[in-house]
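Student: Mind looking over this structure? Questions follow.
Numbering (my numbering), first residue to last: 1 to 533.
Shown next, in the form of structure tokens:
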């Protein structure tokens with residue numbers, strides 16, 4: 001039977017008349033980022049055992065990547081010639097100009113494999129390399145963001161928002177950080193609304209075409225880039241939680257539409273990232289458990305399901321001197337019982353905040369610290385870790401440091417950072433810990449340990465990490481929702497928070513409300529004046 005994904009314009013199989021190496025049935029994936037995760041994702045999509053590796057086009061672009069092995073072939077897609085990818089009329093002029101600019105770029109076809117990967121899969125491949133972000137957008141339909149969170153807003157503003165096209169592109173954020181999916185959604189809605197209004201002035205409540213945004217709670221794998229042309233994949237996660245953000249306005253016309261697009265995105269992820277059903281006898285990938293892509297109903301739960309910031313914090317605080325001296329050390333092995341105590345207390349803070357932000361069913365599905373390491377690294381039955389669908393008894397769980405030592409003894413631990421210039425700090429502190437602190441303040445349950453740890457890290461690095469999060473500044477959550485009062489039992493306020501997480505509809509800022517009121521008053525006054533004899 002024909003895949004339901006192919007009915008969705010952004011994931012439709014390529015036409016034979018398009019000047020690409022990609023044959024019908026493949027996907028054109030553009031990866032923003034050439035770090036460990038960006039290279040690992042490219043290698044994973046192009047692995048020899050993948051059921052469609054000969055038809056997948058994978059292209060990489062990074063704004064800071066100095067190594068450019070080969071450029072991507074320049075062959076702009078004439079979207080208006082393909083009904084399934086037809087550009088809305090209010091975007092045709094802009095896209096034509098962008099296409100003409102893109103044709104001026106010089107490029108060439110890769111002639112040899114340049115990227116080598118080791119781990120669950122070991123092979124060499126030749127993903128295309130775009131010369132600019134614009135070229136990546138124009139020659140890809142699925143945009144996978146695999147950049148550090150401190151580059152997300154600039155990427156959104158300068159590359160994605162100008163070039164993403166409704167009805168064609170799908171965005172996958174790997175992983176979503178500091179509610180960046182909401183920021184991207186808000187900016188795309190604003191742009192699309194302005195463009196639509198200029199061409200449809202007589203329609204008061206138009207439906208804007210959709211750009212699905214798939215927000216992952218974490219990355220598909222853990223990996224380390226060993227050079228500019230090689231990457232080692234350590235683990236492929238057993239489960240990735242995700243949610244769907246819509247750029248239509250209003251968010252969804254009906255529940256059936258939301259369910260349909262969710263099903264299409266679920267199938268898209270399964271087709272792109274699952275290992276094949278059959279293997280060669282000598283294929284190492286046969287030992288990889290297929291990743292379960294678990295649909296969540298709320299961006300709050302996706303954000304609170306990312307445990308990496310708190311986990312990396314404890315690892316860094318206890319091993320900062322090893323990092324500063326450039327030592328080689330295994331990070332879980334050196335997370336000792338006292339650091340494990342800190343880690344478990346940080347997790348209690350996270351879950352306390354989640355209990356106020358999430359519905360009971362969402363909170364029940366939220367993975368615990370122990371479940372996180374079971375899904376990410378695996379563990380033996382002796383560890384006592386239960387799967388997500390079974391509640392854990394805290395009194396029966398092993399200490400988290402014991403779990404870490406078990407993972408180390410099994411040879412599945414990874415090396416910790418060998419420098420203080422690491423994303424464990426520069427990304428996770430301002431964009432991970434800061435979000436938990438913000439959410440704690442929002443619901444009136446301050447994340448005291450998270451906030452104190454941020455201050456300690458700021459003192460160590462002689463910088464203000466709390467001031468570096470440009471996404472939270474732009475979203476202005478406290479102005480939209482107000483600050484929480486732990487003594488207040490306000491069910492309507494709590495329901496508004498939960499509803500926002502599920503629908504993506506954030507309350508307007510006070511200034512926006514005044515502007516909307518002013519427009520409404522002007523319309524009433526104008527109508528009133530026209531009615532006068």
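By construction, the Cβ of each residue, glycine as well, lies at the ideal position given by its N, Cα and C atoms.
Can you name, in chain order, every residue of its own chain whose Cβ lies under 7 Å from the Cβ of residue 480, other than the five neighbours on each side?
Tutor: Cβ neighbours of residue 480 beyond the five flanking positions: 506, 507 and 509.
Student: Under a Cβ-count criterion, where at least 16 other Cβ atoms within 10 Å of its own Cβ denotes burial, should residue 462 be classed as buried or exposed?
Tutor: That one is exposed.
Student: Would you mind sorting residue 155 into buried or exposed? The rule is 16 or more other CB atoms within 10 Å of its CB.
Tutor: Classification of residue 155: buried, given that the 10 Å Cβ count is 16 or more.
Student: Taking the alpha-carbon positions, what's the residue 164 to residue 453 distance?
Tutor: The alpha-carbon atoms of residue 164 and residue 453 are separated by roughly 38 Å.
Student: Examine the Cβ distances between the region 303-323 and the region 441-448 and report whether three or more of them are shorter than 8 Å.
Tutor: Counting Cβ pairs under 8 Å, fewer than three are found: no touch.
Student: With H, G and I counted as helix, E and B as strand and the rest as coil, what does DSSP make of residue 177?
Tutor: The answer is coil: DSSP assigns residue 177 none of H, G, I, E or B.
Student: Under the DSSP definition of a beta bridge, which residues are partnered with residue 292?
Tutor: Residue 292 is bridged to 239.
Student: On the CB-based measure, 16 or more other CB atoms within 10 Å of its CB, does residue 387 come out buried or exposed?
Tutor: Residue confidence is low: residue 387 scores 49 on pLDDT, short of 50, so the model does not pin down where it sits. Its coordinate-derived value is still stated next. By the 10 Å Cβ count, residue 387 comes out exposed.
Student: Let me check understanding here. Comparing Cα to Cα, which of 222, 419, 467 and 450 lies closest to residue 412?
Tutor: The residue with the shortest Cα to Cα distance from residue 412 is 222.
Student: For residue 97 and residue 137, I'd like the C-alpha separation in whole angstroms.
Tutor: Note that residue 97 scores 47 on pLDDT, short of 50, meaning its location in the model is unreliable; the coordinates nonetheless yield the value given after this. Rounded to whole angstroms, residue 97 to residue 137 spans 14 Å at the Cα level.
Student: Report buried or exposed for residue 296, applying the criterion of at least 16 other Cβ atoms within 10 angstroms of its Cβ.
Tutor: So residue 296 counts as buried.
Student: Whole angstroms is fine: what's the gap from residue 175's alpha carbon to residue 339's?
Tutor: Approximately 26 Å, taken between the alpha carbons.
Student: Please confirm if the region 24-43 is in contact with the region 56-64, defined as three or more CB-CB distances below 8 Å between the two stretches.
Tutor: At 8 Å Cβ cutoff, the stretches touch.
Student: For residue 170, which beta-bridge partners are listed by DSSP?
Tutor: Its beta-bridge partners are 142.
Student: So, helix, strand or coil for residue 227, using DSSP?
Tutor: Note: residue 227 maps to strand in three-state DSSP.
Student: Please classify residue 311 as buried or exposed, where buried requires at least 16 other C-beta atoms within 10 Å of its C-beta.
Tutor: So residue 311 ends up on the buried side.
Student: Going by DSSP, what residue range makes up the alpha helix (DSSP H) through residue 457?
Tutor: Note, residue 457: alpha helix (DSSP H), 448-461.
Student: On the three-state DSSP scale, how would you describe residue 334?
Tutor: Residue state, collapsed to three classes: coil.
Student: Would you tell me roughly how many angstroms separate the C-alpha atoms of residue 42 and residue 493, rounded to the nearest one?
Tutor: If I take the Cα positions, the gap works out to 43 Å.
Student: Could you compute how far the alpha carbon of residue 48 sits from the alpha carbon of residue 437?
Tutor: Near 44 Å, if we compare the C-alpha coordinates of residue 437 and residue 48.
Student: Here's the rule: buried if 16 or more other CB atoms are within 10 angstroms of the residue's CB, otherwise exposed. What is residue 87?
Tutor: Annotation note: pLDDT 36 at residue 87 (below 50); position unreliable, no value reported.
Student: Skipping 5 residues on each side, what residues in its chain have a beta carbon closer than 7 Å to that of residue 359?
Tutor: These residues qualify, in order along the chain: 498.
Student: Can you say whether residue 256 is buried or exposed, counting buried as having 16 or more other CB atoms within 10 angstroms of its CB?
Tutor: Counting Cβ neighbours within 10 Å, residue 256 comes out exposed, since fewer than 16 surround it.
Student: Which residues in the same chain as residue 439 place their Cβ atom closer than 7 Å to its Cβ, once the five residues preceding and following it in sequence are excluded?
Tutor: Correct list, in chain order: 353 and 357.
Student: Would residue 408 pass as a contact of residue 332 if the rule is Cβ separation under 7 Å?
Tutor: Cβ distance < 7 Å, so residue 408 and residue 332 count as in contact.
Student: Which residue marks the beginning of the beta strand (DSSP E) containing residue 217, and which one marks its end?
Tutor: Here residue 217 belongs to no beta strand (DSSP E), and DSSP marks it neither H nor E.
Student: Report the rounded CA-to-CA distance for residue 122 versus residue 115, giving the unit in angstroms.
Tutor: Between residue 122 and residue 115, the C-alpha separation is close to 11 Å.
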